[in-house]
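**Q** Protein chains in written order, with full-length UniProt numbering: chain E, 1 to 237; chain S, 1 to 237; chain V, 1 to 237.
Glycine included, each C-beta is placed from N, C-alpha and C at the ideal position.
Have a look at the structure that comes next, please.
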Amino acid sequence: MSLALGAHVGAHMNAHTAYTVLDLIGTFAFAISGAVAARQRRLDLFGIVVVTFMVACGGGIVRDVCIGAIPPAGLSNWAYLAVSLLAAALTIAAYPQVRRLRHPVLFFDAIGLGLFAVAGAQKTWIWTNSAETAIVLGMVSAVGGGVLRDILLSRVPAILEREIYASAALLGASVQMGLTYFDWSSFWTPWVATAACVALRLAALYYGWRLPVFQTRDLVKKPPRKAAADEASQDAH
Amino acid sequence: MSLALGAHVGAHMNAHTAYTVLDLIGTFAFAISGAVAARQRRLDLFGIVVVTFMVACGGGIVRDVCIGAIPPAGLSNWAYLAVSLLAAALTIAAYPQVRRLRHPVLFFDAIGLGLFAVAGAQKTWIWTNSAETAIVLGMVSAVGGGVLRDILLSRVPAILEREIYASAALLGASVQMGLTYFDWSSFWTPWVATAACVALRLAALYYGWRLPVFQTRDLVKKPPRKAAADEASQDAH
Amino acid sequence: MSLALGAHVGAHMNAHTAYTVLDLIGTFAFAISGAVAARQRRLDLFGIVVVTFMVACGGGIVRDVCIGAIPPAGLSNWAYLAVSLLAAALTIAAYPQVRRLRHPVLFFDAIGLGLFAVAGAQKTWIWTNSAETAIVLGMVSAVGGGVLRDILLSRVPAILEREIYASAALLGASVQMGLTYFDWSSFWTPWVATAACVALRLAALYYGWRLPVFQTRDLVKKPPRKAAADEASQDAH
């Protein structure tokens with residue numbers, strides 16, 4: 001990459017100090033959710049740290065690899081690792097308290113989702129100048145960590161069968177790119193896009209909105225694994 | 001990447017319009033197989049779209065990341081996304097009809113397999129000039145999407161335990177690279193290589209050919225739980 | 001990448017012929033462990049070869065993609081593929097003998113772990129000049145193959161819930177980077193770092209050391225299925 005583009009990216013990033021703080025809050029909320037899931041699966045100390053880090057940084061690492069931002073920020077910026085370690089330590093030391101945090105965690109997770117989707121879309125746009133790539137990778141930045149967590153824990157990724165989650169990230173990345181692409185972008189663009197994502201996610205949580213699942217006749221005849229998955233998704237609410 | 005190489009790649013790609021059409025047919029066949037699998041697992045609307053897109057484009061994205069073709073064509077070329085969305089919409093709207101397509105789907109899937117293996121090998125060769133990398137990544141282009149689908153659906157990838165599928169892709173990529181490497185390549189090279197892959201795959205389907213599975217005494221004697229524990233204590237890490 | 005850096009990397013690598021030999025021994029030990037696991041899962045011939053190759057080379061490929069060393073050495077250097085094929089062939093042809101190798105395999109695996117962690121950290125340092133990235137990717141080089149094996153075989157990666165394994169790789173990569181970063185590096189640096197990793201791993205095996213697992217009251221009280229459902233409803237996404 002040319003130095004000029006490097007400087008441009010650098011300037012763009014430094015302009016948003018408040019943004020960086022919110023990014024770290026989002027990372028922290030994601031990391032807490034990873035640490036809780038890892039501890040519930042009874043992984044050992046190291047396993048908890050790895051899963052925590054993957055949830056917090058995995059989506060961004062996949063995005064950076066796909067756009068050629070080498071080495072990925074999640075690996076080269078010590079702040080992400082530090083936040084992950086902090087979240088893992090907190091979850092281990094104060095598990096009952098963290099468990100009781102369900103609502104705050106869901107709230108910050110929704111904010112993290114919006115911030116990651118918008119920041120991921122923006123970074124991809126700067127590096128590739130492709131709006132489609134920016135929307136797809138903005139969503140991947142936001143939900144990739146959770147997908148990697150579920151792959152590591154050997155279960156079907158939750159975002160594929162439950163709730164309006166990735167769709168909210170898709171909305172946030174699309175609003176950001178729509179405004180940017182048609183040159184309506186301003187100081188408020190990322191905040192509007194983030195707010196759209198967060199609002200959709202919180203409304204879906206509050207009202208229990210879900211995307212349709214399509215019943216198929218051949219499934220009625222199928223094995224018990226299906227029933228277990230169904231049971232799990234029913235118990236969830 | 002230098003502009004000269006970019007132009008070379010561009011010229012090479014533009015020369016094959018018929019090729020592009022067949023590539024999209026292959027993508028469509030792959031996408032249909034992904035959408036059917038996702039719908040059978042009762043994923044929601046979004047989950048179906050994601051799995052469909054991964055099956056259609058996942059292998060190519062992994063290849064492009066490995067050869068440095070950034071951003072991957074599967075993300076930056078809207079045609080692949082459009083074909084995936086079309087396949088997902090068709091599978092949702094006309095599921096009984098699509099289900100009845102088993103034989104046409106297997107036929108187009110075999111053609112997609114051959115085209116992806118050969119095109120993947122050729123693209124890798126142009127970017128890396130390494131015949132071994134081209135053969136391995138040609139195969140990965142063809143089967144990677146199916147492997148990612150099975151990882152997302154939390155099952156052992158079908159290609160690792162069933163049928164002559166990846167081996168047919170390996171044959172196609174190897175024929176392409178063999179002819180190219182020893183400078184016997186001509187206008188017909190990709191078609192011969194694709195035909196070799198498709199013929200082997202269809203013959204294996206028709207005659208039920210399979211690769212050998214090696215029986216092990218210790219697996220026959222033990223119940224699954226016990227075998228798993230033994231396996232855990234046996235393997236090195 | 002500039003030619004000068006390329007030459008530097010080349011010179012650095014060529015200097016260590018003994019190192020290359022030990023690297024291939026480590027690759028071979030990793031490959032044997034992959035082939036044994038694949039055969040126990042009754043994968044077919046092709047599945048065994050793929051899993052063997054992934055265990056031997058997967059970690060290095062992930063590292064090379066993350067640092068931009070394109071195409072990854074595991075794909076472009078035929079020696080790694082040849083060693084993997086040899087290990088797969090041996091495991092298929094002489095399975096009872098290989099099964100009886102438990103202790104030698106664990107021993108060579110520990111040596112491979114140390115060599116991969118240190119070499120991975122060193123390569124990452126040369127390419128990125130970031131000590132944190134080098135430590136993380138050094139560990140990834142060493143354990144990534146095993147994690148990919150477990151993901152392909154649809155089980156929770158062993159390193160997340162068992163034994164001191166990844167932690168030993170972390171120690172090796174950290175010692176290497178600590179000495180390099182503070183300019184205490186010498187001819188002996190990689191050997192000291194490798195020895196630290198191997199010694200910790202072998203001692204942990206011999207004395208049965210493990211990392212702590214944190215018991216949680218809610219898991220003890222619930223049957224597994226119920227706990228999983230609770231987990232699904234608890235974590236954020």
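At a Cβ cut of 7 Å, what residues of the segment 59–81 of chain E count as close to chain V, listed as they run along the chain?
**A** Cβ contacts with chain V come from Val-65, Ile-70, Pro-71, Pro-72, Leu-75, Ser-76, Trp-78 and Leu-81.
**Q** Return no unless some Cβ of chain S is closer than 8 Å to the Cβ of V/Phe-28.
**A** Mapped onto the third sequence, residue 28 of chain V falls at position 28. Closer than 8 Å: no.
**Q** What does DSSP give as the partner residue(s) for S/Asp-109 in the beta ladder?
**A** Walking along the second sequence from the start, residue 109 of chain S turns up at place 109. DSSP output for S/Asp-109 lists no bridge partner at all.
**Q** Is DSSP giving S/Asp-183 helix, strand or coil here?
**A** The residue given as residue 183 of chain S occupies position 183 in the second sequence. The answer is coil: DSSP assigns S/Asp-183 none of H, G, I, E or B.
**Q** In terms of residues, what are the limits of the alpha helix (DSSP H) holding V/Tyr-95?
**A** Taking the third sequence and counting its residues from 1, the one referred to as residue 95 of chain V is at position 95. Residues 95–99.
**Q** Under three-state DSSP, which class holds E/Val-198?
**A** For the purposes of this step, residue 198 of chain E is taken as the residue at position 198 of the first sequence. Note: E/Val-198 maps to helix in three-state DSSP.
**Q** Leaving aside the five residues before and after E/Asp-23 along the sequence, list all residues of the same chain whose C-beta is less than 7 Å from its C-beta, in chain order.
**A** Along the first sequence, one-based indexing puts residue 23 of chain E at 23. Once the five neighbours on either side are set aside, the close Cβ partners of E/Asp-23 are Leu-115 and Ala-119.
**Q** Given S/Arg-149, which residues of its chain have a CB within under 7 Å of its CB, disregarding the five upstream and five downstream residues?
**A** As a working mapping, residue 149 of chain S is identified with position 149 in the second sequence. Excluding positions up to five away in sequence, the list reads Gly-34, Ala-37, Val-51, Met-54 and Val-55.
**Q** How is S/Val-21 classed by DSSP in three states: helix, strand or coil?
**A** One-based indexing of the second sequence puts residue 21 of chain S at position 21. Three-state DSSP puts S/Val-21 in a helix.
**Q** Counting only Cβ pairs nearer than 7 Å, list the residues of chain A close to S/Ile-151.
**A** In summary, chain A is missing from the structure at hand, where the protein chains are E, S and V.
**Q** Could you check which residue in S/Ala-131, S/Trp-184, S/Gln-176 and S/Leu-211 has the C-alpha nearest to that of S/Thr-194?
**A** Against the second sequence, residue 194 of chain S aligns to sequence position 194. Of the listed residues, the one whose Cα sits closest to S/Thr-194 is S/Gln-176.
**Q** Would you please verify whether the beta carbon of V/Phe-116 is less than 8 Å from any beta carbon of chain S?
**A** In the third sequence, residue 116 of chain V corresponds to position 116, counting from 1. No, because no Cβ of chain S sits closer than 8 Å to the Cβ of V/Phe-116.
**Q** Assuming S/Asp-109 and S/Ala-169 form a contact by the criterion Cβ under 8 Å, report the distance between their Cβ atoms to the nearest whole angstrom.
**A** The sequence position of residue 109 of chain S within the second sequence is 109, counting from 1. The sequence position of residue 169 of chain S within the second sequence is 169, counting from 1. In fact, because the Cβ distance is near 11 Å, the residues do not count as touching under 8 Å.
**Q** Residues of chain S with a CB under 9 Å from the CB of E/Leu-160: which are they?
**A** Walking along the first sequence from the start, residue 160 of chain E turns up at place 160. Within chain S, the residues near E/Leu-160 are Ala-38, Arg-41, Leu-43, Asp-44, Phe-46, Gly-47, Ile-48, Val-50, Val-51, Leu-152 and Leu-153.
**Q** When you check each C-beta in the segment 169–183 of chain V against every C-beta of chain E, which residues fall closer than 9 Å?
**A** So the list reads Leu-170, given in the order they occur along the chain.
**Q** Taking 8 Å as the cut-off, does the segment 135–147 of chain E touch the segment 121–141 of chain S (at least 3 CB pairs, one atom from each stretch)?
**A** Verdict: no, contact absent.
**Q** If you count every other CB in all the chains shown that lies within 10 Å of the CB of S/Thr-20, and 16 or more means buried, which is it?
**A** Here residue 20 of chain S corresponds to residue number 20 of the second sequence, with the count starting at 1. So S/Thr-20 ends up on the exposed side.
**Q** Which one or two residues does DSSP pair with E/Val-213 in a beta bridge?
**A** Walking along the first sequence from the start, residue 213 of chain E turns up at place 213. Partner(s): S/Asp-44.
**Q** Where does S/Gln-97 land, buried or exposed, given buried means 16+ other C-beta within 10 angstroms?
**A** Reading the second sequence from its first residue, position 97 is the one you call residue 97 of chain S. Label assigned to S/Gln-97: exposed.
**Q** Note down the Cα distance separating E/Pro-212 from S/Gly-47, rounded to an integer number of angstroms.
**A** Along the first sequence, one-based indexing puts residue 212 of chain E at 212. Along the second sequence, one-based indexing puts residue 47 of chain S at 47. Rounded to the nearest angstrom, the two C-alpha atoms are 10 Å apart.
**Q** Say whether the segment 73–85 of chain S touches the segment 123–132 of chain E, bearing in mind that this needs 3 or more beta-carbon pairs closer than 8 Å, one atom from each stretch.
**A** Touching, yes.
**Q** Using the C-alpha atoms, what's the distance from V/Gly-144 back to residue 241 of chain V?
**A** For chain V, the structure presents residues 1 to 237; residue 241 of chain V sits outside this window and is missing.
**Q** Spatial neighbours of E/Thr-180 within its chain, please: CB distance less than 7 Å, with the 5 preceding and 5 following residues excluded, ordered by chain position.
**A** For the purposes of this step, residue 180 of chain E is identified with residue 180 of the first sequence, where counting begins at 1. Cβ within range, chain order: Trp-125 and Thr-189.
**Q** Out of curiosity, what's the CA-to-CA distance linking S/Val-105 and V/Trp-209?
**A** Counted from its first residue, the second sequence places residue 105 of chain S at position 105. Counted from its first residue, the third sequence places residue 209 of chain V at position 209. Their backbone Cα atoms lie some 53 Å apart in a straight line.
**Q** Just confirm the distance between the C-beta atoms of S/Trp-127 and S/Ile-70, as a whole number of angstroms; I'd bet it's less than 8 Å.
**A** As a position in the second sequence, residue 127 of chain S is number 127, starting the count at 1. As a position in the second sequence, residue 70 of chain S is number 70, starting the count at 1. S/Trp-127 to S/Ile-70, Cβ: 11 Å. No contact.
**Q** Can you pull out the residues from the segment 181–215 of chain E whose beta carbon lies closer than 9 Å to at least one beta carbon of chain S?
**A** Here the close residues are Arg-210, Leu-211, Pro-212, Val-213, Phe-214 and Gln-215.
**Q** Note down, in chain order, every chain E residue with its Cβ under 7 Å from the Cβ of S/Ile-92.
**A** Translated into the one-based positions of the second sequence, residue 92 of chain S becomes position 92. The contacting residues are Phe-214.
**Q** Report all residues from its chain with a CB closer than 6 Å to the CB of E/Val-49; omit the five preceding and five following residues, and keep chain order.
**A** In the first sequence, the residue the question calls residue 49 of chain E occupies position 49. Once the five neighbours on either side are set aside, the close Cβ partners of E/Val-49 are Ala-88.
**Q** Please report the distance separating the alpha-carbon of V/Val-9 from that of V/Gly-60.
**A** Position 9 of the third sequence holds residue 9 of chain V. Position 60 of the third sequence holds residue 60 of chain V. Any answer about V/Val-9 is weak, because its pLDDT of 47 lies below 50 and its placement is not dependable; what the coordinates show is given next. Cα-Cα distance, rounded: 16 Å.
**Q** If you follow the alpha helix (DSSP H) that V/Val-136 is part of, which residue opens it and which one closes it?
**A** Working through the third sequence from its first residue, we reach residue 136 of chain V at position 136. Here the alpha helix (DSSP H) through V/Val-136 covers 131–152.
**Q** With distances taken between CB atoms, is the gap from S/Ile-92 to S/Ile-25 smaller than 8 Å?
**A** Position 92 of the second sequence holds residue 92 of chain S. Position 25 of the second sequence holds residue 25 of chain S. Cβ atoms of S/Ile-92 and S/Ile-25: not closer than 8 Å.
**Q** The alpha helix (DSSP H) spanning S/Gly-74 covers which residue range?
**A** For the purposes of this step, residue 74 of chain S is taken as the residue at position 74 of the second sequence. Where S/Gly-74 is concerned, the enclosing alpha helix (DSSP H) stretches over 73–76.
**Q** Quick one: grab the DSSP three-state call for S/Arg-155.
**A** The count along the second sequence starts at 1 and reaches residue 155 of chain S at position 155. Reduced to three states, the DSSP call for S/Arg-155 is coil.
**Q** Just the Cα atoms here: how many angstroms apart are S/Ser-167 and S/Ser-174?
**A** Reading the second sequence from its first residue, position 167 is the one you call residue 167 of chain S. Reading the second sequence from its first residue, position 174 is the one you call residue 174 of chain S. For S/Ser-167 and S/Ser-174, the distance between alpha carbons rounds to 10 Å.
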